[in-house]
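> Note that the UniProt record's numbering has the first sequence beginning at 1, numbered continuously upward. Yeah, the Cβ is synthetic: ideal placement off N, Cα and C, and Gly gets one too.
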Amino acid sequence: MRFHIGAIFVSKLSKFRLRSQLASSSESRTNFSGARFTNSDIVKCNVAMVGFMRDGDCGAALRLFDSMPRKNTVSYNTMVSGYLWNGKFALARKVFDEMPRRDMVSWNVMISGYIKYGDLGGAKRLFDEMNVKDVVSWNALLSGYAQSGYVDEARKVFDSMPHKNDISWNGILAAYVQNRKMDEARKLFDSRESWPVVSWNCLIGGYLKKKKLSEARQVFDRMPIRDEVSWNTMITCYAQNGEMMEALKLFKESPNQDVFTWTALVSGYIQNGQLHEARTIFEQMPERNVVSWNSMIAGYVQNQKMYAARELFEEMPCRNISSWNTMITGYAQNGDISLARDLFNRMPHRDCISWAAIIGGHAQSGDHEEALRLFVLMKREENRINRSAFTSTLSTCADLAAFEFGKQVHGCVIKAGFEFGCYVGNALLSMYCRCGSIHEACAVFRGIEDKDVVSWNTIIIGYARHGFSDEALECFESMKVARVKPDEVTMVGILSACGHSGLVDRGRFFFDSMRKDYGIVANSKHYTCMIDLLGRAGRLEDAKKLMAGMPFEPDASTWGALLGASRIHGNAEIAETAAERIFSLEPWNAGMYVLLSNLYAASGRWPDVDRLRLKMRDSGVNKEPGYSWIEVENRIHTFSVGDSMHPERERIYEFLDGLELLLKGSGYVSATKLVLHDVEEEDKQQMLMYHSEKLAVAYGIMKTPAGRPIRVFKNLRVCADCHTAIKHVSKIKRTLIVLRDPNRFHHFQDGLCNCGDYW
DNA sequence: GTAGGGTTAG
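What follows is the structure, given as structure tokens:
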């Protein structure tokens, strides 16, 4: 309708312009202004501009605006508000700055513009600049603070308001509700006689978010007047809490059912896992909009029914970004990254959720490089990066151990202002831990404002994996002081901290206090930690006993802990029993073959090594090839044993040969009995010398300026000979070498490793 | 004709 009015007027106007052009000549333009363009024409133009702006056609609005011989303040205000409506903040500000006179509306529009763009400081500055403020200005500021989570600030604004109206009261109520402070919201609500229906709805909506069904219902029953939203909110409450019968009852009682009501039922069934019922309701709906379609599609996606989801997606008449994002996320999470990428490439517009989904999808499918490349692209194309894009990128950096890249992402996180929050802060923290820099992890940890249990767990596990048990246990104490309740994960961290340092008694103590002090029931991970701790300390019998007393069947990793301990202590008998069980539980688990094979090799049982190799071949298990990698000058360099691929391999081998001589001079003797293959002694030495971790360390020393730590990563356990050799290297080259294997970090310095050769 | 609050479905 609006567009229609605008269109008619513009056609009139072009006639008008045409006429003036016909009369033409530059002087005649002066005749053009004034008398014939009445105030009522200005109003008509303003109406038309609103129409254009609502349709997203800023260009048409501007052309009309520019062609007006006379404008009033409303014309300018309309341009400011229209630009803001269409997301063009800078243009809005420009018109605001250039307009000849401003009225109250001009200021209020601009203030709400700042708030909409998340610049609360800018809003406040403008507010302070105003000589006279009205209740609208105050209300705008109030809701700005509320929406950004500053409840206390919002309260201060509310308390200092010279006049309050219903909207102000609703504003402070909403501030409490949006920030989940339902007790305070209720107190406020009860302190006032009568509220408009929106405030009642607001309160019920708050209870809905907190899943407080009975409170919601009480309020609903007390309402003097109910509108459609009240019914829909209440129906949603029941639907989202699995009470579909009650939801249906209310659905029938409600005076009207609109598309919200129907969609609430559909998504209620979906959340209850009743996909078929959801579809039936969906088919019965008298009217569907894009959200209804998206809900149904999301239902299929959540149940891994991508085919059905795709069918609806193709069929729907009205897709929006969410529809595309739902499909992309679905494909990405179900491992079909190429279909996800295809949709991503084809979608008409992307937002930061699309980017986060595709980055996360590539990361999950193992294509880490592409994930990071996409992050760089995203930075170029989007002016905002959302938190979830940051977290998936950071976890990719962690998987890849791309430390330098991670640091650059950290820089972007700081710019975006996310570093002090838990969500991104924890991801940063974890990235630094897993990239081998516990020091930087610690700095991030200290900066997180409200540390949650995940923050504490991450730093505790970080310390544990780096072999700093004392620090891990200290953190555990601080966590309790900070009144954050330890959970199952915390205890895994604490027990593994004890494990990495062989603290048997303390481990035992924490294991016993788990249930007593924190009400945490030991799960298989806790038992595995304890069995590992006892076993590696040489108390194999105690470990076996603990395992026998477990209230559930041991899984492969629990047996694996026993196998690992038996290997260290050369107990072939227990090792074989454990290996048998693992073979039957996880016939595809190549790591166990390797452990057992190492055990045989170490005791010179070559026929058994061969037998195992045959068994492995017959069962079709492929041993994951060992490789190591290091980040140099922002690129990841990967090495395998006796590597022949690296462009600088000749220099590396030369360097390594030189290093070997120095090593021998410092007392290093190669541990040939650890080589798996039964070959001649000299060949064994050769193979050992060119293990992937040694190649990576050598390359790191070649390329890293003196004094900087060297960080190397290996996909399999570090070999014992490399462990000895790297200890010597750290002394000869006077450098800190940090090596990550799947179990832990080894910090080599001055000829020692902080694992105390206990890993 | 331009400005302020809020609630429900993805």
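Smallest Cα separation from Ala363: which of Lys379, Ala401, Ser194, His349?
As a working mapping, residue 363 is identified with position 363 in the first sequence. The option with the nearest alpha carbon to Ala363 is Ala401.
> Apart from the five residues on each side of it in sequence, which residues of its chain come closer than 7 Å, Cβ to Cβ, to Leu540?
Position 540 of the first sequence, counted from the first residue, corresponds to residue 540. The answer, listed in chain order, is Ala565, Ser566, His569, Asn571, Ile574.
> Indicate the three-state DSSP secondary structure (helix, strand or coil) for Arg740 in the structure shown.
Here residue 740 refers to the residue found at position 740 when the first sequence is read from its first residue. Strand at Arg740.
> Which residue wins for smallest C-alpha separation from Gln408, given the options Ser388, Ile328, Lys379, Glu624?
What you label residue 408 is simply residue 408 of the first sequence in a count that begins at 1. Nearest option by C-alpha distance: Lys379.
> Using 8 Å as the threshold, is the C-beta distance between Met431 and Gly406 below it?
Locating residue 431 in the first sequence gives position 431, counting from the first residue. Locating residue 406 in the first sequence gives position 406, counting from the first residue. Contact: yes.
> Is DSSP giving His746 helix, strand or coil here?
Within the first sequence, the letter at position 746 stands for residue 746. Three-state result, His746: strand.
> Looking at Ala472: is its Cβ nearer than 8 Å to the Cβ of Ala441?
As a working mapping, residue 472 is identified with position 472 in the first sequence. As a working mapping, residue 441 is identified with position 441 in the first sequence. In this structure, Ala441 does not lie closer than 8 Å to Ala472 by Cβ.
> Please report how far the alpha carbon of Gly56 lies from the alpha carbon of Val229, in whole angstroms.
Taking the first residue of the first sequence as 1, we reach residue 56 at position 56. Taking the first residue of the first sequence as 1, we reach residue 229 at position 229. Distance between the alpha carbons of Gly56 and Val229 is about 28 Å.
> Who are the Cβ neighbours of Pro100 in its own chain at under 6 Å, not counting the five residues just before and after it?
Along the first sequence, one-based indexing puts residue 100 at 100. Excluding sequence neighbours, Pro100 sits near nothing in its chain.
> With the cut-off set at 8 Å, would you say Gly436 and Arg226 are in Cβ contact?
Position 436 of the first sequence, counted from the start, is the residue given in the question as residue 436. Position 226 of the first sequence, counted from the start, is the residue given in the question as residue 226. No; because the gap between Cβ atoms is not below 8 Å, this pair is not in contact.
> Taking Met161 and Trp138 to be in contact with their CB atoms under 8 Å, please state how far apart those CB atoms are, rounded to whole angstroms.
The count along the first sequence starts at 1 and reaches residue 161 at position 161. The count along the first sequence starts at 1 and reaches residue 138 at position 138. Their Cβ separation, rounded to whole angstroms, is 5 Å, which keeps Met161 and Trp138 in contact under 8 Å.
> Closest to Asp190 by C-alpha separation, out of Met223, Phe158, Arg373, would be which residue?
Locating residue 190 in the first sequence gives position 190, where the first residue counts as 1. Looking at the Cα atoms, Met223 is the closest of the given residues.
> Which full runs of the alpha helix (DSSP H) of 4+ residues lie inside the UniProt repeat "PPR" (196-226), going along the chain?
Counting only runs of 4 or more, we get 197-209, 213-222.
> Please determine, among Thr233, Lys116, Gln274, the residue with the shortest C-alpha to C-alpha distance to Asn86.
The count along the first sequence starts at 1 and reaches residue 86 at position 86. For the residues Thr233, Lys116, Gln274, the minimum Cα distance to Asn86 belongs to Lys116.
> If you reduce the DSSP assignment to three classes, tell me which class Tyr518 lands in.
Within the first sequence, residue 518 is the residue found at index 518, counting from 1. It is helical.
> Looking only at C-alpha atoms, which of Ser81, Val177, Ile167, Ala725 sits nearest to Pro196?
Translated into positions along the first sequence, residue 196 becomes position 196. Nearest C-alpha to Pro196: Ile167.
> Quick check on Tyr307: buried or exposed, where buried means 16 or more other Cβ atoms within 10 Å of its Cβ?
As a position in the first sequence, residue 307 is number 307, starting the count at 1. Counting Cβ neighbours within 10 Å, Tyr307 comes out exposed, since fewer than 16 surround it.
> Looking at the unbroken alpha helix (DSSP H) that takes in Ile337, where does it start and where does it end?
Working through the first sequence from its first residue, we reach residue 337 at position 337. First-last of the alpha helix (DSSP H) with Ile337: 337-346.
> If you reduce the DSSP assignment to three classes, tell me which class His163 lands in.
In the first sequence, counting from the first residue as 1, residue 163 sits at position 163. In this structure, His163 counts as coil in the three-state DSSP scheme.
> Report whether the distance from the Cβ of Tyr150 to the nearest heavy atom of the ligand MG is below 7 Å.
Looking at this structure, you won't find the ligand MG or any other ligand, since it has none at all.
> DSSP three-state call for Phe713: helix, strand or coil?
Looking up residue 713 in the first sequence gives position 713. Three-state result, Phe713: strand.
> Please classify Asn598 as buried or exposed, where buried requires at least 16 neighbouring CB atoms within 10 angstroms.
By 1-based counting over the first sequence, the position of residue 598 is 598. With 16 or more Cβ atoms within 10 Å of its Cβ, Asn598 is classed as buried.
> To the nearest angstrom, report how far apart Tyr627 and Tyr758 are at their CA atoms.
Start at 1 with the first residue of the first sequence, and residue 627 comes out as number 627. Start at 1 with the first residue of the first sequence, and residue 758 comes out as number 758. Spanning the two alpha carbons is a distance of roughly 22 Å.
> When you compare each of Gly242, Gln240, Val266, Met234 to Glu253 by their alpha carbons, which one comes out closest?
Here residue 253 refers to the residue found at position 253 of the first sequence. Checking every option, the nearest Cα to that of Glu253 belongs to Met234.
> If we ignore side chains and look at the alpha-carbon of each, how far apart do Leu736 and Ala356 end up?
Along the first sequence, one-based indexing puts residue 736 at 736. Along the first sequence, one-based indexing puts residue 356 at 356. Straight-line Cα distance between these residues: approximately 36 Å.
> Does the stretch 586-596 come into contact with the stretch 661-673, if we say contact requires no fewer than three beta-carbon pairs (one atom in each stretch) closer than 8 Å?
Output reads no: the stretch 661-673 does not touch the stretch 586-596.
> Under three-state DSSP, which class holds Tyr331?
The count along the first sequence starts at 1 and reaches residue 331 at position 331. It is helical.
> As a quick exercise: from Asp450, Ile460, Tyr423, Phe344, pick the residue whose alpha carbon is nearest that of Arg434.
Counted from its first residue, the first sequence places residue 434 at position 434. Answer by Cα proximity: Ile460.
> Report the start-end ranges of each alpha helix (DSSP H) in the UniProt repeat "PPR" (72-106) that is 4 residues or longer and not cut off at the edges.
Complete alpha helix (DSSP H) runs here, min 4: 73-85, 89-98.
> Mind reading off the beta-carbon distance from Asp750 to Lys731? Whole number of angstroms is fine, and I expect it under 8 Å.
Translated into the one-based positions of the first sequence, residue 750 becomes position 750. Translated into the one-based positions of the first sequence, residue 731 becomes position 731. Yes, they are in contact, since the Cβ atoms of Asp750 and Lys731 sit about 6 Å apart, within 8 Å.
> Beta carbon of Glu382, beta carbon of Cys352: below 8 Å?
Here residue 382 refers to the residue found at position 382 of the first sequence. Here residue 352 refers to the residue found at position 352 of the first sequence. Yes, these two residues count as a Cβ contact at 8 Å.
> Quick check: Ser365 and Ile321, are their CB atoms within less than 8 Å of each other?
As a position in the first sequence, residue 365 is number 365, starting the count at 1. As a position in the first sequence, residue 321 is number 321, starting the count at 1. Not in contact: Ser365 and Ile321 (Cβ atoms no closer than 8 Å).
> With 16 other CB atoms within 10 Å as the buried threshold, where does Gly756 fall?
Working through the first sequence from its first residue, we reach residue 756 at position 756. Exposed, because fewer than 16 other Cβ atoms sit within 10 Å of the Cβ of Gly756.
> Only counting the same chain, and skipping five residues up and downstream in sequence, which positions put a Cβ closer than 7 Å to that of Asn232?
To locate residue 232, count along the first sequence from 1; it is residue 232. Here the set comprises Phe260, Thr261, Ala264.
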